[in-house]
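Input: a single structure, listed below in structure tokens.
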Ligand code: ADP
Ligand code: FRU
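In my numbering, the protein residues as written are 3 to 291.
Listed below in structure tokens is the structure:
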């Protein structure tokens with residue numbers, strides 16, 4: 003069991019299941035509706051806690067009643083919220099349209115909370131953690147937090163998820179031990195293939211293991227010595243719910259590294275877990291096989 007801190011968001015997800023994705027201005031009835039806690043960091047921790055790790059979240063939590071289901075779920079998974087910052091307000095909320103026909107999840111997200119930043123992070127005793135994972139959000143703030151870890155000696159291991167092209171996010175590249183990119187980020191930089199993208203990222207992050215997820219195709223990684231590794235996805239018999247596949251993948255990857263697996267095996271471990279997630283509704287009961 004390792005001690006893992008994730009910095010990022012916890013959200014309220016309103017998840018509508020639809021036979022197919024609607025046309026604009028359509029009116030249709032959903033097949034199902036459920037509400038669930040979400041957010042990349044919270045989702046990753048919910049999975050890691052089920053894999054047996056001791057987890058803590060560093061994020062901004064609203065203190066109003068709408069946040070109660072989020073806090074209850076995280077507490078049920080034993081996720082420590084002591085370093086969260088509490089503010090008045092309502093939780094970041096996502097309207098998620100899950101299309102059964104396409105197996106896609108379309109997310110409309112709203113938040114008006116401040117970001118968790120270095121001001122809160124510098125008060126955390128880093129010796130309490132073996133691994134710190136960041137949802138790369140505010141670029142300069144994330145970079146300051148990552149650099150604090152880089153300068154700590156001995157410090158925890160550090161991973162950063164770079165999912166969206168956020169202003170100044172490149173500043174984190176030189177500090178993290180592991181960078182997990184999304185296909186959307188690679189596409190945004192003009193890459194439509196993983197290999198050249200990873201090689202370009204290597205120029206800015208010579209010290210890191212680099213990973214890029216490629217949706218249904220699986221995931222690619224570039225080891226420190228420069229070898230490209232690949233794992234195919236492990237599609238379930240029927241995709242039920244792909245919401246949080248990436249967050250589950252990140253949990254699988256961190257778990258694999260903590261178990262001492264190399265990058266090739268870690269990619270496979272993470273893709274397997276993400277595939278298992280796609281075959282079930284939500285994240286409850288994900289334990290790997
Ligand atoms: P997200 O959009 O949730 O961030 P990605 O699309 O980047 O997630 O996928 C992350 C990982 O999840 C992929 O590398 C793959 O292993 C797995 N995955 C995603 N979609 C599927 C699917 N339909 N079937 C099986 N595995 C999937
Ligand atoms: C899935 C997710 C959802 C959340 C959204 C935030 O990866 O974390 O749970 O609503 O992304 O962008």
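Don't be surprised by glycine CBs; every beta carbon is placed ideally from N, CA and C.
A heavy atom of ligand 2 is found nearer than 7 angstroms to the CB of residue 111. With the rule of 3 Cβ pairs closer than 8 angstroms, the region 42 to 50 counts as touching the region 239 to 256.
Following the DSSP letters along the chain, one finds residue 135 inside the beta strand (DSSP E) bounded by residues 133 to 137. Shown here for residue 118: same chain residues with a beta carbon closer than 7 angstroms to its own, the five before and five after excluded, namely 9, 60, 61, 62 and 87 in chain order. For residue 163, the three-state secondary structure derived from DSSP is strand.
Residue 211 and residue 265 do touch by the CB rule: their CB atoms are close to 6 angstroms apart, below 8 angstroms. Following the DSSP letters along the chain, one finds residue 111 in no alpha helix (DSSP H) but inside the beta strand (DSSP E) bounded by residues 106 to 112. Beta-bridge pairing by DSSP links residue 285 to no other residue. Secondary structure at residue 211: strand, using DSSP grouped into helix, strand and coil.
Put simply, the backbone Cα of residue 33 is about 21 angstroms away from that of residue 40. The beta-bridge partner set that DSSP reports for residue 15 consists of 38 and 96. Only residues of its own chain outside the window of five on either side were considered, and among them 18 have a CB closer than 6 angstroms to the CB of residue 35, listed in chain order. Counting along the chain, residue 233 sits inside the beta strand (DSSP E) bounded by residues 230 to 233.
By the neighbour-count criterion, in which a residue is buried when 16 or more other Cβ atoms sit within 10 angstroms of its Cβ, residue 11 is buried. Set against 7 angstroms, the gap from the CB of residue 13 to the closest heavy atom of ligand 2 is smaller. The residue from 116, 83, 127 and 220 with its alpha-carbon nearest to that of residue 57 is 83. Taking every protein chain shown into account, the CB of residue 279 has 16 or more other CB atoms within 10 angstroms, so this residue is buried.
By the 16-neighbour rule on beta-carbons within 10 angstroms, residue 258 is buried. Under DSSP, residue 89 forms a beta bridge with 64.
Our two residues, residue 104 and residue 49, have alpha carbons roughly 25 angstroms apart in a direct line. Each residue's CA atom was taken as its position, placing residue 25 and residue 238 some 28 angstroms apart.
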